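From first to last, the protein sequence lines stand for chains D and R.
Numbered as in numbering that gives the first Met the number 0, the first sequence ends at 451 without a single skipped number.
Numbered as in numbering that gives the first Met the number 0, the second sequence ends at 164 without a single skipped number.
A virtual CB, placed ideally from N, CA and C, is assigned to each residue, including glycine.
Here the structure is a predicted model, which means the values were calculated and not measured.
To start, the structure under review is shown below, and the notes come after it.
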Amino acid sequence: MSALRTLTVPLERIAPCFEGIVPASVCSCSREGLPNVTFLSIVHRLDETHVGLSFQFFNKTRKNTQENPRAQVIVVAPGSADQYRLDLRYLRTETDGPAFDRMRVRLEAVASQTGMGRVFRLRGVDVYEVLDCRPVNQESRSEILPQAERMRELEALTERLGSCESLDALLSTALEALADLFGHRHSFVLFPDEEGTRLFTGASYGFEPSGVGSEVVVGEGILGVSVERRSVVRVTNLALDRLIAQAVRSGVERRGEQGNLEKEIALPGLPDVKSQLVLPLLSRNKFLGVLCLQSAEPGRFLEADERVMQIVARHLAASMANTMATPSAETRVAALQSGPAAPAASHAVVKHYRSDDSIFIDDDYLTKGIPGRLFWKLLQAFVGTGRAAFTNKEIRLDASLGLPDIKDNLEARLILLRRRLDERCEFMRLIPAGRGRLNLDVRRSLTLEELP
Amino acid sequence: MQRAEPTGPLPAELKTFIERGVSVMVGTRDAELVPELVRAWGPRVSRDRRSVSVCVAMAVGGRTLGNLGDNGCIAVTFASPGNSEAIQMWGRCIGTGPARRQDLAAVQEHRDAFTLVNKGLGVPNPFIEALWQRELAGSPDMVTIRFVPEQIFNQTPGPDAGSPR
């Protein structure tokens, strides 16, 4: 083990250089003395004296460093454009371990998103000792300020979450607080479906339309891979990732290997997203959903942001588990909850397709799956008997609904249903009435049609 | 040391590629085979298309120039920020010296093109300006490096990266 080396510029001071926001470059040299220069999408900072260069294909840099371990990289600071030279000595290649796994999940997530899942494969991470790190120009060195501690903001966020008594309130409050306190203005939470094969958006902030109800397949794209691996995925410059994927795609096509290419997957959320942070919500190892933050700015979520947001995600997950375990704690009473339904002004037709439990209101799609089945049950009771008040408990215990074991996430389904109605229907609302009760507010006469 | 012959006149499309706002990095090595990298500006193919010149800022290129004086081995990679297309030239340095008027004009042209390409990718102009200005801090002088390419490789990311052109 080598003694701790003092670098001219400690790597921690220039941490944003190792985020893959601005491309870096590496120079190696063969035993015969031929230098070789390659651009790199990212140099990974492993610790204070080591960096890692990941590789997917055999390349000259690797060949050279097996023969002559010395190499040099230049990294660029995203904000100031300061350049730093790192003198390196190749130590070893890793094909497993925490650093390798983290890089592999990130690569697979981006590969899946860009349709390159069968082409991109992390083969290894070459680990280099950093002999020195210094500014390219000694005369020009701007101070990189350490990122501010976010303890105050964390404290304020946990205080706000502590006063939420329902899952709905918890999610709305959390996403709003992420915007207010941390400036993360575009966020959403997805919940798993019963089979664990899909995720659906249950809450969002900063999107118009909200995107509530939109789905993602587990294992596909940045979100789907993050969920499948139960691993945080942070992307700092999706535009650069896409450019590289496109360049590799062209190369694969030129080789006549189109069979290895897949379609790029549409990413839910911002159309011009550059930065994305995906955090699985786990409570006692139980998967409750995923929190996703997006920004149109490259480099919006850095390593320090990931650490802070990981604390937020863990606290949110624990709070979610707590509210899900005690659904009757809901005490919020909506202003419109009391009294009989308002007189019907006009008429609407609601259709239910049994094949997928999809619901259409006057031929406009509302929802499907469990939320669709739940809503149909409520509507049948409403039209058949005029009943407009329900309890979470009776829904949960209703065997005729044939619900799978959804004790934990019935509330998530009801939130989705409520928000879809708020967005897509002017005359029907589901209103939480406190203590685990729900009121169905319908302002038109309804005809129900059951279809195969 | 293994050496290849000069490649002959560079194809016209290669000249067009390296003169249109690419990112340029120069690699050299010292007698102990320790590599040195530096960013370069104003790439130009000679009129007979047999040699290439690039400029580096004196303040950041001292060791590079020392290495070239010592052994002349040079590798230069040109990458398009817009599509990641890249090529690398391995070659032999045939001269260094203070940048002349036409070299500085090429640097200016390259900076403008590089700024424009990056702007199209959402990289703000002040960032490119800072990248440039920080290299000149302490000394505004530029040095021209001329070299003869001996081997040329495709360096675009992917399965064919590193293959000869």
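For residue 32(R), the C-beta contacts it makes with chain D under 7 Å involve 28, 32, 67, 69, in order along the chain.
The beta strand (DSSP E) runs of length 3 or more contained entirely in the region 172 to 209 of chain D are, from start to end of the chain, 186 to 191, 197 to 204.
In the displayed model, residue 273(D) falls within coil according to three-state DSSP, outside both helix and strand. Closest in C-alpha terms to residue 409(D), from the list 192(D), 138(D), 186(D), 360(D), comes 192(D).
Assignment of residue 140(R) by DSSP, reduced to helix, strand and coil, places it in the coil class. Note that the C-beta distance between residue 74(R) and residue 34(D) is below 8 Å.
Residue contact check for residue 242(D) against chain R: a CB pair falls below 8 Å. Residue-level contact check: residue 112(D) does not touch chain R, since none of the beta carbons of chain R fall below 8 Å from its beta carbon.
Counting along the chain, no beta strand (DSSP E) covers residue 158(R), and no H or E run does either.
Bounds of the beta strand (DSSP E) holding residue 73(D) are 69 to 75. For residue 155(R), the closest alpha carbon among the candidates 44(R), 101(R), 102(R), 22(R) is that of 22(R). Note that the C-beta distance between residue 145(R) and residue 50(R) is below 8 Å.
Contact annotation: residue 55(D) and residue 120(D) have beta-carbon atoms nearer than 8 Å. Annotation: residue 431(D) to residue 45(D) spans about 49 Å, alpha carbon to alpha carbon. Look at residue 159(R): its C-beta is under 8 Å from a C-beta on chain D.
CA-CA distance, residue 129(D) to residue 87(D), rounds to 5 Å. The closest CA to that of residue 53(D), considering only 65(D), 47(D), 76(D), 99(D), is found on 99(D). In terms of Cα proximity to residue 8(D), the closest of 76(D), 355(D), 65(D) is 76(D). With respect to the C-alpha of residue 53(R), the residue from 24(R), 62(R), 35(R) having the closest C-alpha is 24(R).
For residue 61(R), the enclosing alpha helix (DSSP H) begins and ends at 61 to 70. Fewer than three pairs of CB atoms, one per stretch, sit closer than 8 Å, so the region 91 to 109 of chain D makes no contact with the region 57 to 67 of chain R.
32, 33, 34, 35, 36, 37, 38: these are the residues of the region 32 to 46 of chain D whose beta carbon lies less than 7 Å from some beta carbon of chain R, given in chain order. Residue contact with chain R for residue 210(D): absent (no Cβ-Cβ distance below 8 Å to any residue of chain R). From the listed residues 36(D), 377(D), 73(D), the smallest Cα separation to residue 61(D) is found for 36(D). In the structure shown, the three-state DSSP call for residue 16(D) is helix.
Residue burial is scored here from C-beta neighbours: residue 310(D) has fewer than 16 other C-beta atoms within 10 angstroms and is therefore classed as exposed. Neighbours of residue 73(D) across chain R, judged by C-beta separation under 9 Å: 24, 36, 37, 38. In the structure shown, residue 125(R) falls within a helical segment according to DSSP collapsed to helix, strand and coil.
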